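Convert by adding 22 to the 1-based position in the sequence shown; the result is the number in our numbering. C-beta atoms are modelled at their ideal positions from N, C-alpha and C, and glycine is treated no differently. Bear in mind the structure is a predicted one, so any value in this text is a computation, not a measurement. Comments concern the structure below.
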Amino acid sequence: MSEPLRHPDTMSGRDPSLLRGDVIDGERYYSPEFAQREWEHLWKRIWHVAGRTAELPEPGDYIVHDFLHESVIVIRQDDGGLKAFYNSCGHRGMRLAWDASHAADGLHCPYHGWVWGRDGVLKDLPDPDDFPQGNPCGELSLVEVRCDTWGGFVWYTMDPKAPALLDYLDPMPGVYANYPLDTCVRVFWMKVNLNTNWKFATDNFSESYHTRTAHPQVPPWIDQDYWSSRHEMWPNGHGRTVQPMRPSLRDRLPEGEPHPFDALLRAWDIDPDSYPDFETKAMQGWLDLKAQKRRLWKERGYVHYEHMDDEQLTDSPHTVIFPNVTISFLPDNIIFFRTEPHPDDPSKCTFDLWCMAFPVEGQTEVESIMADVQPLAEAEFQHRAFDGGRGVPEIAGQIVYQDMLLAEGQQRGWRSQGYRDCYLAGQESRVRYFHEVLNDYLEGRR
Ligand code: FES
Ligand SMILES: [Fe+2]
Numbered sequence: 023m024s025e026p027l028r029h030p031d032t033m034s035g036r037d038p039s040l041l042r043g044d045v046i047d048g049e050r051y052y053s054p055e056f057a058q059r060e061w062e063h064l065w066k067r068i069w070h071v072a073g074r075t076a077e078l079p080e081p082g083d084y085i086v087h088d089f090l091h092e093s094v095i096v097i098r099q100d101d102g103g104l105k106a107f108y109n110s111c112g113h114r115g116m117r118l119a120w121d122a123s124h125a126a127d128g129l130h131c132p133y134h135g136w137v138w139g140r141d142g143v144l145k146d147l148p149d150p151d152d153f154p155q156g157n158p159c160g161e162l163s164l165v166e167v168r169c170d171t172w173g174g175f176v177w178y179t180m181d182p183k184a185p186a187l188l189d190y191l192d193p194m195p196g197v198y199a200n201y202p203l204d205t206c207v208r209v210f211w212m213k214v215n216l217n218t219n220w221k222f223a224t225d226n227f228s229e230s231y232h233t234r235t236a237h238p239q240v241p242p243w244i245d246q247d248y249w250s251s252r253h254e255m256w257p258n259g260h261g262r263t264v265q266p267m268r269p270s271l272r273d274r275l276p277e278g279e280p281h282p283f284d285a286l287l288r289a290w291d292i293d294p295d296s297y298p299d300f301e302t303k304a305m306q307g308w309l310d311l312k313a314q315k316r317r318l319w320k321e322r323g324y325v326h327y328e329h330m331d332d333e334q335l336t337d338s339p340h341t342v343i344f345p346n347v348t349i350s351f352l353p354d355n356i357i358f359f360r361t362e363p364h365p366d367d368p369s370k371c372t373f374d375l376w377c378m379a380f381p382v383e384g385q386t387e388v389e390s391i392m393a394d395v396q397p398l399a400e401a402e403f404q405h406r407a408f409d410g411g412r413g414v415p416e417i418a419g420q421i422v423y424q425d426m427l428l429a430e431g432q433q434r435g436w437r438s439q440g441y442r443d444c445y446l447a448g449q450e451s452r453v454r455y456f457h458e459v460l461n462d463y464l465e466g467r468r
């Protein structure tokens, strides 16, 4: 799959000559000063994901997103739009909301009882006449934060001068326009406390070089050969690796062991035994699968395939949205990964894992990819401490769990005086690109 790169701004994500070669030192993974610079120059300026639009079906529904010491409320308006506000009462600063809920007649401050309307305007308060400077009712508003939606996700930015969301995300909205992302159901929803810096995840999701070692279950399912993948990166800092969902030719399972690709072919009425050898099955079977999905999607209720192209029907574009969101766009699943820094300790972060599935008529359960089979229904939120893996038995042995196990060890290694910089393979070029874009933010070039 080394065809021409398609988007005009696409750069090869496997070409280190496009990079400056900025050193990726260890300090950026644990220094409080570095974390403070990230807050000032990165986090206050980017677009953050507050949640899914499905969490806000009715006017008055709201969600709360805490980020470091900041907190933002996003609330559904009476006209169906969304507004976001800093989570701080305009009277004396009390936090207004702790968890997602519904504001029947407004947001009630628990301290002195001020009531803020869904539109953020103060609508009621005790003793309105006792304000020498004037009754604030109808005059004061919560401080608004820009918010917008894309892909069924609710986004906000604290930066009044940030580019529009779709410009910030460019070219992702175009690249993924064929996926009906807002129809996805979040079937697994977990936040995990990890003892590592948030950047481990972006580093990790920017390369597949570690997959054979860390995730031996993957190569028979998704081709991990770097020469058959397409590595792409874009000026805004986003990037992706597109890999064919077929076994790579150099990863064979022992004779007689059930093969995931055989099961996939059978699921689409293709006989895996009809191919003369493993190579033909992997390569021709993958082409046959595209054609078969194209033929059968409608009668089988795979309505989300309607606009997908041949690549999207059978491949895995694993996509990093700068700086801290990764989305795996699989044919039937969308997996959202995100890390966010701990408010006080740069050697800690939280890891969000949202497994989403496109609903298929007649299905009541789905393979969630990272958390086994789950009911096809919006999941409840769970928050855990990783605790060496003991805190998250539901995902033990899964790809993402294997990454988490490694992350805490890498954090230890970054703190060693023996670590000075990476020594990267070509297929890991996007790791350095990520840090160079980050440095651009921190050093005032963006
Ligand atoms: S701080 Fe909110 S009503 Fe006083
Ligand atoms: Fe991994």
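Measuring CB to CB, does residue i end up less than 7 Å from residue j?
i: residue 109; j: residue 192; result: no
i: residue 218; j: residue 420; result: no
i: residue 335; j: residue 307; result: no
i: residue 162; j: residue 144; result: yes
i: residue 211; j: residue 456; result: no
i: residue 164; j: residue 102; result: no
i: residue 178; j: residue 72; result: yes
i: residue 284; j: residue 298; result: no
i: residue 84; j: residue 126; result: no
i: residue 386; j: residue 223; result: no
Which of helix, strand or coil does DSSP assign to residue i?
i: residue 261; result: strand
i: residue 220; result: coil
i: residue 88; result: strand
i: residue 296; result: helix
i: residue 311; result: helix
i: residue 39; result: helix
i: residue 146; result: strand
i: residue 134; result: coil
i: residue 404; result: strand
i: residue 413; result: coil
i: residue 535; result: Residue 535 is absent from the model: the chain starts at 23 and stops at 468.
i: residue 282; result: helix
i: residue 329; result: coil
i: residue 50; result: helix
i: residue 489; result: In the structure displayed, the chain extends from 23 to 468; residue 489 sits before or after that span and is not available.
i: residue 73; result: strand
i: residue 213; result: strand
i: residue 113; result: coil
i: residue 460; result: helix
i: residue 177; result: strand
i: residue 98; result: strand
i: residue 66; result: coil
By Cβ distance below 7 Å, which residues in the same chain neighbour residue i in space, the five residues on each side in sequence not counted?
i: residue 459; result: 259 and 344
i: residue 275; result: 242 and 281
i: residue 52; result: 219, 368, 369, 436 and 437
Got a sec? Which residues, its chain only, sit under 6 Å from residue i by beta carbon, not counting five neighbours each side?
i: residue 406; result: 214, 413 and 414
i: residue 202; result: 326
i: residue 466; result: none
i: residue 348; result: 227, 342 and 359
i: residue 354; result: 380
i: residue 116; result: 131 and 133
i: residue 370; result: 217 and 364
Which value, in whole angstroms, describes the spacing of the CA atoms of residue i and residue j?
i: residue 439; j: residue 62; result: 27 Å
i: residue 461; j: residue 323; result: 46 Å
i: residue 204; j: residue 70; result: 17 Å
i: residue 138; j: residue 96; result: 13 Å
i: residue 289; j: residue 129; result: 50 Å
i: residue 45; j: residue 250; result: 29 Å
i: residue 34; j: residue 319; result: 33 Å
i: residue 78; j: residue 98; result: 6 Å
i: residue 24; j: residue 340; result: Confidence is the limiting factor: at residue 24 the pLDDT is only 42, short of 50, which leaves the residue's position unreliable and the question unanswerable from this model.
i: residue 311; j: residue 242; result: 16 Å
i: residue 225; j: residue 268; result: 25 Å
i: residue 365; j: residue 184; result: 23 Å
i: residue 167; j: residue 123; result: 19 Å
i: residue 31; j: residue 196; result: 12 Å
i: residue 82; j: residue 74; result: 15 Å
i: residue 469; j: residue 36; result: It is not possible to answer for residue 469, since the shown part of the chain is limited to 23 through 468.
i: residue 388; j: residue 57; result: 39 Å
i: residue 448; j: residue 417; result: 31 Å
i: residue 14; j: residue 140; result: As shown, the chain starts at 23 and ends at 468. That puts residue 14 outside it, with no answer to give.
i: residue 329; j: residue 198; result: 10 Å
Using a Cβ-Cβ cutoff of less than 8 Å, which residues in the same chain neighbour residue i once the five nearest sequence positions on both sides are dropped?
i: residue 66; result: 180 and 181
i: residue 246; result: 230, 233, 234, 240, 265, 270 and 273
i: residue 114; result: 133 and 134
i: residue 446; result: 38, 453 and 454
Would you say residue i faces chain C, with C-beta separation under 7 Å as the test?
i: residue 355; result: In summary, chain C is missing from the structure at hand, where a single protein chain is found.
Check: Is the segment 370-377 close to the segment 386-394, with three or more CB pairs under 8 Å?
Finding: At 8 Å Cβ cutoff, the stretches touch.
Item checked: Contact the segment 259-266 vs the segment 335-350: 3+ CB pairs below 8 Å -> These segments touch.
Margin query: Quick check: the segment 126-135 against the segment 86-93, are at least 3 beta-carbon pairs closer than 8 Å?
Written below: Taking 8 Å as the limit for Cβ pairs, the verdict is that the segment 126-135 does not touch the segment 86-93.
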